[in-house]
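Following: one structure in structure tokens, then a few remarks.
Numbering (full-length UniProt numbering), first residue to last: 1 to 575.
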């Protein structure tokens, strides 16, 4: 194949994981030929930039990596990959320091000059580093500057559509990209490929990530044959803004608000978290708070806007406006007053705990393939603690960059393998078909149907009959997606881009629903109405999957390995 680009390292994505991987790979070997492709503009898109709350890291002498690890394992309901979780907590300390010294970030300080750390739910120690409530903007702004400084080339508004493989199907040879500005396809062959596009469960009606997120990386990894894990574990953030009639419904009021002492009330004025989690109330983990809100709503105790309400007024207006300026401004844009009144919120699809199976070196199951950030699974188990998300992206971006540089330092790994003959051309023809088709379903209608089906049948609370109905619905929706019609040219065509999004959303929807059927218990973010508790007779396992020859998931359950901390120790840990 005559590729448009041949590079040492292709980085897909431009969030914290992607940028730090490129920075650390370059710094380890400045001669590496690195290319970044991002669906958005440089430094302007993705989930990392949207992070409000902060980054969990052990800095205080009274804290410890063991405490952070135990919080993470208990929050993950004991099914985390302990190697990955341990690397997260141990490497968070040098990572946050290097965000300041290498990248130029500057986090909030205490009066004595030390980095300030605030309370987040599910933790036994206040360890969340932040920049007001705009932490993600600080990190992405500074890391983007470092990409410019190193003159690492970036293809803007250029989305990845498929990973390319060799003839045997065991090695990733690069990727097929689509330039949204020109409408042209771009082929890149690489000695190593990093998938770090960020997840983004926008296949739900209420979702926190921006509209450009559509789980592209996870879907491409699955279609390429990578081993995936824990895809039933989708986190719903408990406090997504309710904005009637707006496409940004689900935008978050972050963890720090509840950590600071905000209260949640149902439509009857009851502070309901006192009955669901009396010891910690609103500072319970996200899975508990989201499930509690959903149960209140389903029991007919919703507020008039359809959800529940969060109240921070008792914390004092000056404190709220100073500590959470970004959240207060967002609320004000929709005529809500966070500092003085109650704000309506609802659980909002937020984060994939599942993704590609990786090791601490970020190697995935296919040769020459690396994965970091939300596209990877295993770090968080069944539920992610607030503050561990941007932590994972930064820690594993840094680790990926170092790992890839070490991998490419061996001459035999620097060689680029040939892609399977005709693979890129076949993908281009298949993906472009809707542009020449008339009378088919609308991509916008397909997206709405996918989102509604997921919200109702694969949402906060699930049951077997609804999941089976969802899979039947998804089979029909897949046919609609494959028969879709798109008008106009490929260049700057939002309808065509929405079609590409739905191709990924339908794959991820099927992965999540089929995986949810496999786990017949309630654990972490996965709640089964027909199996309402954890099952002692069930054993602790992770759900692994890969794409079968018929295109449907093939499953394997693997017992959890307690390599560093025993189950008994995790269960005894007090948050």
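We treat Cβ as the ideally placed atom computed from N, Cα and C, and that holds for glycine.
Just so we're clear, the structure is a prediction, and the values are computed from it rather than from any experiment.
If you count every other CB in all the chains shown that lies within 10 Å of the CB of residue 101, and 16 or more means buried, which is it? By the 10 Å Cβ count, residue 101 comes out exposed.
Rounded to the nearest angstrom, what separates residue 490 and residue 41 at their Cα positions? Straight through space, the alpha carbons of residue 41 and residue 490 are spaced by roughly 19 Å.
Pull up the DSSP beta-bridge partners for residue 130, would you. Paired residues: none, contrary to the question.
Where residue 217 sits in the DSSP three-state scheme: Residue state, collapsed to three classes: helix.
Where does residue 288 sit, in a helix, a strand or coil, going by DSSP? It is helical.
Unbroken alpha helix (DSSP H) run spanning residue 323, endpoints: Counting along the chain, the alpha helix (DSSP H) containing residue 323 begins and ends at 317-323.
Could you check if residue 528 is buried or exposed, using at least 16 other CB atoms within 10 Å of its CB as the buried criterion? Buried is the label assigned to residue 528, since at least 16 other Cβ atoms lie within 10 Å of its Cβ.
In three-state terms, what does DSSP make of residue 58? Looking at residue 58 - three-state DSSP - the assignment turns out to be coil, as it is neither helix nor strand.
Buried or exposed: where does residue 333 fall if 16 or more other Cβ atoms within 10 Å of its Cβ makes it buried? Result: exposed.
Taking residue 310 as part of the beta strand (DSSP E), name the residues at either end of that continuous run. For residue 310, the enclosing beta strand (DSSP E) stretches over residues 308-311.
Less than 8 Å between the beta carbons of residue 321 and residue 299, yes or no? With contacts defined by Cβ atoms closer than 8 Å, residue 321 and residue 299 do not form a contacting pair.
Pick out whichever of 297, 446, 309, 419 has its Cα sitting closest to the Cα of residue 264. Residue 264 has its Cα closest to that of 309, out of 297, 446, 309, 419.
By Cβ distance, which residues of its chain are closer than 7 Å to residue 542, with the 5 residues on each side in sequence left out? Here the set comprises 79, 229, 230, 558, 560.
Is it true that the CB of residue 43 sits closer than 8 Å to the CB of residue 197? 8 Å or more divides the Cβ of residue 197 from the Cβ of residue 43.
Whether residue 358 touches residue 190 by CB criterion (8 Å): Not closer than 8 Å, so no.
Under 8 Å by Cβ, that's how I've got residue 600 and residue 290 pegged, so tell me the actual separation to the nearest angstrom. Nothing can be reported for residue 600: it is not among the residues displayed for the chain, which extend from 1 to 575.
Residue from 117, 7, 243, 35 with nearest C-alpha to residue 344: Selected option, being the one with the closest Cα: 243.
Are residue 497 and residue 180 closer than 8 Å when you measure CB to CB? Yes; because the gap between Cβ atoms is below 8 Å, this pair is in contact.
Taking only the alpha-carbon atoms, compute the straight-line gap between residue 459 and residue 262 and give it to the nearest angstrom. One Cα belongs to residue 459, the other to residue 262, and the distance between them is close to 25 Å.
Length of the line joining the Cα atoms of residue 188 and residue 176: Whole-angstrom Cα-Cα distance: 6 Å.
Span of the alpha helix (DSSP H) around residue 65: According to the DSSP assignment, residue 65 belongs to the alpha helix (DSSP H) that extends over 65-75.
Is residue 260 near residue 315, with beta carbons less than 8 Å apart? Yes, they are a contact pair.
Exposure label - residue 437; buried when at least 16 CB within 10 Å: With fewer than 16 other Cβ atoms from the protein chains shown falling within 10 Å of its own Cβ, residue 437 counts as exposed.
Is the beta carbon of residue 235 closer than 8 Å to that of residue 525? Yes.
In three-state terms, what does DSSP make of residue 14? It is coil, neither helix nor strand.
Say the cut is 7 Å; is the CB of residue 393 nearer than that to a heavy atom of the ligand MG? The model on display carries no ligand, and the ligand MG is accordingly not part of it.
Would you check if the distance between the CB atom of residue 164 and the CB atom of residue 511 is smaller than 8 Å? No; because the gap between Cβ atoms is not below 8 Å, this pair is not in contact.
Of the residues 376, 270, 29, the one placed nearest residue 227, counting alpha carbons only: Ranked by how close their Cα comes to the Cα of residue 227, the residues 376, 270, 29 have 376 in first place.
Based on DSSP bridge pairs, tell me the residues matched to residue 541. Looking at the DSSP assignment, residue 541 forms a beta bridge with 559.
Sufficient close CB pairs (3 or more, under 8 Å) joining the region 425-441 to the region 127-145: The region 425-441, when compared against the region 127-145, does not touch it at the 8 Å Cβ threshold.
Beta-carbon contacts of residue 140 that lie in its chain and below 8 Å, excluding the five residues immediately before and after: 15, 16, 19, 43, 46, 48, 49, listed in sequence order.
Residues that DSSP places opposite residue 165 in a beta bridge: DSSP lists 172 as partners of residue 165.
Apart from the five residues just before and just after residue 531, which ones in its own chain have a Cβ nearer than 7 Å to its Cβ? Its chain contains 520, 521, 522 as the residues whose beta carbon lies nearer than 7 Å to that of residue 531, once the 5 sequence neighbours on both sides are disregarded; these appear in chain order.
Report the residue from 182, 158, 192, 54 whose alpha carbon sits nearest the alpha carbon of residue 174. Of the residues 182, 158, 192, 54, the one whose Cα lies closest to the Cα of residue 174 is 192.
Indicate whether the contact test is met: 3 or more Cβ pairs, each with one atom in the region 278-285 and one in the region 115-123, closer than 8 Å. The way I'd put it, the region 278-285 does touch the region 115-123; three or more beta-carbon pairs between them come closer than 8 Å.
Span of the beta strand (DSSP E) around residue 189: Counting along the chain, the beta strand (DSSP E) containing residue 189 begins and ends at 185-195.
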